[in-house]
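Here is the structure we will look at, set down as structure tokens.
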Amino acid sequence: MAGTLRRIGIVGGVRTPFCRSNTLYADLSNLDLMTAALNGLVDKYRLKGVHIDEVVGGAVVTHSKDFNLTREAVLGTKLAPSTPGITLQQACGTSLQAAAMIGAKIASGEIECGIAVGSDTTSDAPIVFSKKFSTRLIQVGQQKTLMDRVRVFKGFSPSELAPQPPNVAEPRTGLTMGQHCELMAREWKIGRQEQDRFAFESHRKGAEAYRSGYMDDLIVPTAGVFRDNNLREDMSLDKLATLKTAFDKSDKGTLTAANSTPMTDGAACVLLCSEEWAAKHGLALQSYLTYSQSSANNFAAGEGLLMAPTIAVSRMLDRAHLTLQDFDYYEIHEAFAAQVLATLKAWEDPLYCKTHLGKDAPLGAIDRAKLNVKGSSLAFGHPFAATGARVLANLSKLLSEHGGRGLISVCTAGGMGVAAILESANRAEARVAA
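Spelled out as structure tokens, the structure:
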């Protein structure tokens, strides 16, 4: 282990186009999508046959056969087969957490390089039988004679064959993420029009990112798809206002299919490394990962399922000796428009900051013109485990083009949050020189 911590460089990242579930990627698996993203990264940075010290990532919605998902994806790429694959899962923060873990090992000298990756598809969601029928099948395999196997099915009912699709509700509360976010919108008094306006702006900025060519080197065409199919260039506020609410059907409901992210299929990955490894392989660094933080709250007691990133950001700012206003770009994952707006209001609220963050004063407001400037999850979609890597790659590219410092905030299921700070390579060099 190195005596002093090294800087964590980010070379860049890529992703597949993101597609609404059960549309253009209906026949692809998590393994297919993850492999496609990794091979895109290999091609972009000339990594064919190269050994990578660790590829870390995973998926949220998986089959039991995918227990070794990341390693299997690596073996399907043009990377050296000596590259280890490590599978982890932290809901929507999976690939950002993977980058943080890789970064810590690079900083300590344990490894020289790594790839953070995430993939998700709900088009290929696992469908299982009831517990009772599954138990019968296990017992059948334990019997020695035909008659013993037949006896296992004594009392069998056809109802046992009813499929059990994946449950998106929180086990602790029985509420879906959308239902939880409705509660947050109500608590923070975030209305339908404010949410629709935020979603409209995400699509507008995302469409412009494609029109300008900004997305060209971030996207790996996959299965004949070249851009995200959730993005709507023709979106209008008038159209948004006609949509019915999606989670709370009463007159109190505010969340719709448009101001919430859709079920999405896709994958994304990012290459991180030491400065020495980048130089050896002739790769320029876009940015540096300088801080990261994970947190959780007691959402089951009413603290807000998607509010934990407020805690992660607050703690990370303390460690970095920075204020919330010390950033040129903010990338806040748009699980729902209401979730982002609640986060921003919480940072401005003295009581919340005192009670939940232990602050004597609020963190304050940010410049909204610096927020998700190229669009975000509401426009592009949200394949759960892939979103962190998408955000990381996007912010790294922004910083490489414009310089400065950026903040990432990602909310996750289970009342958790993952945050990070990136600094452009030229800014970091100037700071070190000074």
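The working numbering numbers the first residue of the sequence shown as 274 and each following residue consecutively.
From the three backbone atoms N, C-alpha and C, an ideal C-beta is built for every residue, glycine too.
- The residue from Val543, Thr449 and Tyr483 with its alpha-carbon nearest to that of Ala519 is Thr449.
- Per DSSP, the continuous beta strand (DSSP E) segment holding Met689 begins and ends at Met689 to Ser697.
- The beta carbons of Ile605 and Leu636 sit about 13 Å from each other, so the pair does not count as a contact at 8 Å.
- Rounded to the nearest angstrom, the gap between the Cα atoms of Ser302 and Asp622 is 43 Å.
- DSSP places Ile375 in the helix class (H, G or I) of the three-state scheme.
- When DSSP states are grouped into helix, strand and coil, Glu549 belongs to the helix group.
- Counting only runs of 4+ residues, the alpha helix (DSSP H) found wholly inside the segment 378-449 occupies 404-415 and 419-425, in chain order.
- Secondary structure within the segment 590-630: the alpha helix (DSSP H) runs of 4 or more consecutive residues, fully enclosed, are 610-621 and 623-630 (chain order).
- With contacts defined by Cβ atoms closer than 8 Å, Ile379 and Ala389 do not form a contacting pair.
- Phe426 is classed as exposed because its beta carbon has fewer than 16 other beta carbons within 10 Å across all chains shown.
- In terms of CA proximity to Thr685, Val333 leads the group Ile325, Leu306 and Val333.
- Assignment of beta-bridge partners to Arg678 by DSSP yields Glu696.
- For Ser355, the secondary structure class from DSSP, reduced to helix, strand or coil, is coil.
- Met420 sits exposed, since fewer than 16 C-beta atoms from the chains shown fall within 10 Å of its C-beta.
- Setting aside the 5 residues that flank it on each side, Ser587 is surrounded in the same chain by Leu630, each with a C-beta closer than 6 Å to its C-beta; the list follows chain order.
- Collapsing the DSSP output to three states places Ile639 in coil.
- The Cβ atoms of Ala482 and Leu665 do not sit closer than 8 Å to each other.
- If only uninterrupted beta strand (DSSP E) runs of at least 3 residues are considered, those enclosed by the segment 506-559 are 537-546.
- In this model, Val323 and Ser337 are separated by some 30 Å (Cα to Cα).
- Within the same chain, and ignoring the five residues on either side of Ala346 in sequence, the residues whose Cβ sits closer than 8 Å to its Cβ are Leu304, Met307, Thr308, Leu311, Val328, Gly358, Val390 and Ser392.
- Ala692 and Ser567 have their alpha carbons spaced roughly 6 Å apart.
- Where Val347 is concerned, the enclosing alpha helix (DSSP H) starts and stops at Leu342 to Leu348.
- Bounds of the alpha helix (DSSP H) holding Glu467 are Arg465 to Arg484.
- For Val287, the enclosing beta strand (DSSP E) starts and ends at Ile281 to Arg288.
- Look at His453 here: in three-state DSSP terms it is helix.
- When DSSP reads this structure, Arg293 sits in a beta bridge with Thr537.
- In the structure shown, Val646 adopts coil according to DSSP, grouped into three states.
- Taking a cut-off of 8 Å on C-beta distances, the segment 460-474 does not touch the segment 276-283, as fewer than three cross pairs fall below it.
- In this structure, DSSP gives Glu576 a state outside helix and strand, which the three-state scheme calls coil.
- In the displayed model, Leu562 falls within a strand according to three-state DSSP.
- The residues Val425, Phe426, Phe429 and Glu433, in chain order, have a CB closer than 8 Å to that of Arg409 in the same chain once the five nearest residues on each side in sequence are set aside.
- Under DSSP, Gly322 forms no beta bridge with any residue.
- DSSP, read as helix, strand or coil, puts Gln370 in helix.
- Around Lys517, the same chain offers Thr529 as residues with beta carbons nearer than 8 Å, after the five sequence neighbours per side are excluded.
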